[in-house]
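Reviewing the structure listed below.
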Amino acid sequence: MLKKLFQSFRFPLRRLPHRRVPDVLTARQHSLQRGDISRYAVSVVERLQQAGYQAYVVGGCVRDLLLDIEPKDYDVATSATPEQVRAEFRNARVIGRRFKLVHVHFGREIIEVATFRADHPQDEDDESPLAVRNESGRILRDNVYGTLEDDAQRRDFTINALYYDPLTERILDHTHGVHDIRNRLVRLIGEPTQRYQEDPVRMLRAVRFAAKLGFDVERHTAEPIRQLAPLLRDMPASRLFDEVLKLFLGGQAEQTFELLLEHDLFAPLFPASAEALARDPQYVGTLLRQAMINTDIRIAEGKPVTPAFLFAALLWPALPARVQQLQAQGMPPIPAMQEAAHDIVWEQCQRTAIPKRFSIPMREIWDMQERLPRRQGRRADLLLENPRFRAGYDFLLLRESAGEKTGGLGDWWTRYQEVGDSERRAMIRDLSGEKSSSGPRKRRRGGRRRTGAGAADSE
Ligand code: ATP
Ligand code: MG
């Protein structure tokens with residue numbers, strides 16, 4: 000497909016950064032076909048064009064289709080304002096404040112329609128309610144409409160700024176995006192430092208697309224990231240939470256994690272986890288990487304993944320140091336564990352606002368780690384019935400795979416689930432005989448061990 004795309008198209012040798020005339024690829028010069036595109040996206044474009052507006056399919060879906068990847072969703076860009084778009088469709092809703100959009104609903108599919116936007120210069124100190132920046136140049140509101148050319152220039156990466164017209168079957172390329180797709184490069188449009196200051200999340204998007212597509216981050220696009228990464232600390236925590244999910248639930252979590260570390264982007268997102276990683280790279284690195292690998296495998300197999308499990312893994316390594324601190328202040332182990340967990344989740348929410356529907360099951364996965372060693376009497380059977388058992392058990396295996404010593408607890412639970420009732424009774428009976436597998440709770444009482452749910456076990 001790519002071969003065909005580039006066969007008949009010659010790339011200009013010189014790069015002209017502020018070019019206004021796009022390269023035009025006709026139907027014969029690229030591999031995209033109208034039939035590849037969601038029929039709803041095509042019909043939205045058709046309808047808008049019939050109403051006299053310009054309209055194109057744009058962004059990630061054009062990029063993905065050129066790379067033979069099935070697009071996640073379809074975006075349309077148009078000269079019509081959100082209100083004009085809404086007037087054209089029965090099932091359309093205007094959404095967003097910072098960035099107004101129209102969602103056109105077709106059953107479960109949503110086509111996202113955005114009005115062409117213009118860049119607004121940083122030194123323009125008018126009090127326009129349409130475009131607002133803060134003192135560091137970050138765009139707080141972005142509703143200044145513009146031409147198609149303006150719209151191409153204000154997009155983030157060249158590979159995301161390709162416009163496809165399904166009626167003429169032409170691609171318009173204002174930023175040499177096709178060239179960068181061919182060379183497998185994620186390249187910011189415009190001056191990188193300024194573009195990151197306008198929207199620091201673009202740093203995360205750069206590594207996300209690099210990981211997803213197997214592209215390199217172009218040198219000038221990569222260079223300022225390290226220095227500007229701390230800007231992420233001032234971003235709204237709810238937006239960062241959404242972005243973190245896209246980073247780790249896109250099927251390429253492992254590679255994304257490596258790139259986040261390489262570009263110093265992990266620490267501003269997960270400060271406590273980054274500290275734990277610096278203290279104990281072997282154990283924490285293995286645990287986090289294994290969590291990412293497991294997530295990628297589940298996604299590849301079409302199995303569900305929950306952000307609760309992911310966050311449980313990401314923050315787990317931060318617990319022991321905090322528990323230790325509280326115990327040093329005289330707090331007993333169990334309250335220390337509870338308080339440390341609470342504090343760490345609260346602090347993390349300042350960076351990435353974890354909704355309660357995820358933070359509550361996340362705490363339950365952690366609590367399970369305290370309960371899984373306690374199996375006497377009817378406890379094991381009650382645990383098996385607990386709705387959080389499976390996640391708690393998977394989490395135990397994850398800890399063990401990172402080298403935590405649990406006295407064979409994971410194997411015990413694996414076997415307990417496999418065998419019949421009489422064997423189960425025997426397994427429980429055996430427990431009273433062997434102290435060593437009765438779990439950290441017993442040991443903690445007599446010894447110095449601080450918590451059963453701690454990375455300390457791995458040391
Ligand atoms: P995917 O949907 O696969 O994650 P995408 O490229 O479609 O990737 P979206 O977040 O859906 O990404 O955004 C759609 C398009 O809007 C992008 O392709 C890009 O052109 C533009 N865009 C999105 N976010 C930004 C941003 N922060 N700055 C500039 N342009 C952006
Ligand atoms: Mg998209």
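The sequence shown lines up with residues 0 to 458 when you count with numbering that gives the first Met the number 0. C-beta: ideal position from N, C-alpha, C; glycine also.
Among M202, Y415, R62, which residue has its Cα nearest to the Cα of L239? Looking up residue 239 in the sequence shown gives position 240. Answer by Cα proximity: M202.
Could you give the first and the last residue of the continuous beta strand (DSSP E) run that contains R169? The residue given as residue 169 occupies position 170 in the sequence shown. Segment 169 to 172, the beta strand (DSSP E) holding R169.
Examine the ligand PLP and report whether any of its heavy atoms sits within less than 7 Å of the Cβ of K71. This structure lacks the ligand PLP; the ligands present are the ligand ATP and the ligand MG.
What's the gap between the Cα of S421 and the Cα of D380? Within the sequence shown, residue 421 is the residue found at index 422, counting from 1. Within the sequence shown, residue 380 is the residue found at index 381, counting from 1. Rounded to whole angstroms, S421 to D380 spans 13 Å at the Cα level.
Measure the CB-CB distance between A131 and V75 and report whether it falls below 8 Å. As a first step, residue 131 must be located in the sequence shown, where it is residue number 132. As a first step, residue 75 must be located in the sequence shown, where it is residue number 76. Sequence inspection shows Val at residue 131; the Ala mentioned does not correspond to that position. In this structure, V131 lies away from V75, with their beta-carbon atoms at least 8 Å apart.
In the DSSP output, which residue or residues are listed as bridge partners for I333? Here residue 333 is taken as the residue at index 334 of the sequence shown, counted from 1. According to DSSP, I333 bridges with nothing at all.
Mapping DSSP to helix, strand and coil, what is T459? Coverage of the chain is limited to positions 0 through 458, which leaves residue 459 absent and any answer about it impossible.
Please state if the CB of H262 and the CB of R225 are separated by a distance shorter than 8 Å. In the sequence shown, counting from the first residue as 1, residue 225 sits at position 226. In the sequence shown, counting from the first residue as 1, residue 262 sits at position 263. Taking 8 Å as the cut-off, the Cβ atoms of R225 and H262 count as close.
Roughly how many angstroms separate the alpha carbons of V143 and R116, rounded to a whole number? Residue 143 sits at position 144 when you count from the first residue of the sequence shown. Residue 116 sits at position 117 when you count from the first residue of the sequence shown. In this structure, the straight-line span from the alpha carbon of V143 to that of R116 is close to 6 Å.
Identify, in the order they occur along the chain, each residue of the same chain with its Cβ nearer than 7 Å to the Cβ of E253, setting aside the five sequence neighbours on each side. In the sequence shown, the residue the question calls residue 253 occupies position 254. The answer, listed in chain order, is R288, M291, I292, D295.
Quick one: does the C-beta of D459 sit closer than 7 Å to a heavy atom of the ligand MG? An answer regarding residue 459 cannot be provided, because it is not within the stretch 0 to 458 covered by the chain.
Hey, out of V322, L430, T192, whose CA is closest to P223's CA? Along the sequence shown, one-based indexing puts residue 223 at 224. Looking at the Cα atoms, T192 is the closest of the given residues.
So, for D172: in the same chain, excluding its five sequence neighbours on each side, which residues have a beta-carbon less than 7 Å away from its beta-carbon? Locating residue 172 in the sequence shown gives position 173, counting from the first residue. Only P21, D22, L24, L161 meet the Cβ criterion.
Are the segment 276 to 284 and the segment 321 to 331 in contact at 8 Å, needing three or more beta carbon pairs? Proximity of the segment 276 to 284 to the segment 321 to 331 falls short of the contact definition, fewer than three beta-carbon pairs being nearer than 8 Å.
Which of the three DSSP states, helix, strand or coil, is assigned to S436? Within the sequence shown, the letter at position 437 stands for residue 436. Low confidence applies to S436: its pLDDT is 44, below 50, so where it sits in the model is not reliable, and the reading given next is rough at best. S436 carries a helical assignment under DSSP once its states are collapsed to helix, strand and coil.
Within 10 Å of its beta-carbon, does W345 have 16 or more other beta-carbons around it, so buried, or fewer, so exposed? Within the sequence shown, residue 345 is the residue found at index 346, counting from 1. By the Cβ neighbour-count rule, W345 is exposed, with fewer than 16 other Cβ atoms within 10 Å of its own.
If you measure from the CB of E302, is any heavy atom of the ligand ATP nearer than 7 Å? Locating residue 302 in the sequence shown gives position 303, counting from the first residue. As written in the sequence, residue 302 is Lys, which differs from the Glu given in the question. False, no ligand heavy atom lies under 7 Å from that Cβ.
Top-ranked residue by Cα proximity to D233, from E197, L248, E403, L100: Start at 1 with the first residue of the sequence shown, and residue 233 comes out as number 234. The option with the nearest alpha carbon to D233 is E197.
Determine whether the beta carbon atoms of E108 and S42 lie at a separation below 8 Å. As a working note, residue 108 is residue 109 in the sequence shown. As a working note, residue 42 is residue 43 in the sequence shown. S42 is positioned such that its CB atom lies no closer than 8 Å to that of E108.
Quick check: L66 and H29, are their CB atoms within less than 8 Å of each other? Stepping through the sequence shown from its first residue, residue 66 is reached at position 67. Stepping through the sequence shown from its first residue, residue 29 is reached at position 30. At the C-beta level, L66 and H29 stay beyond 8 Å of one another.
Look up E253 in the DSSP assignment and say whether it is helix, strand or coil. One-based indexing of the sequence shown puts residue 253 at position 254. Look at E253 here: in three-state DSSP terms it is helix.
What is the DSSP secondary structure of K3, counted as helix, strand or coil? Counted from its first residue, the sequence shown places residue 3 at position 4. The predicted position of K3 is uncertain, since its pLDDT is 49 and thus under 50; no value can be drawn from it.
Terminal residues of the continuous alpha helix (DSSP H) containing Y195? Here residue 195 refers to the residue found at position 196 when the sequence shown is read from its first residue. In the DSSP annotation of this structure, the continuous segment of the alpha helix (DSSP H) that includes Y195 starts and ends at 191 to 197.
Give the DSSP-derived three-state secondary structure of R92 in the structure shown. On the sequence shown, residue 92 is found 93 positions in, with the first residue counted as 1. The three-state secondary structure of R92, taken from DSSP, is strand.
Opposite D22 in the DSSP bridges: which residues? Looking up residue 22 in the sequence shown gives position 23. In the DSSP assignment, D22 forms a beta bridge with D172.
How far does the alpha helix (DSSP H) with T220 in it reach, from first residue to last? As a position in the sequence shown, residue 220 is number 221, starting the count at 1. Run containing T220: 218 to 221, per the alpha helix (DSSP H) assignment.
Residue range of the beta strand (DSSP E) that includes D380: In the sequence shown, residue 380 corresponds to position 381, counting from 1. Careful: D380 lies outside any beta strand (DSSP E), inside the alpha helix (DSSP H) at 378 to 384.
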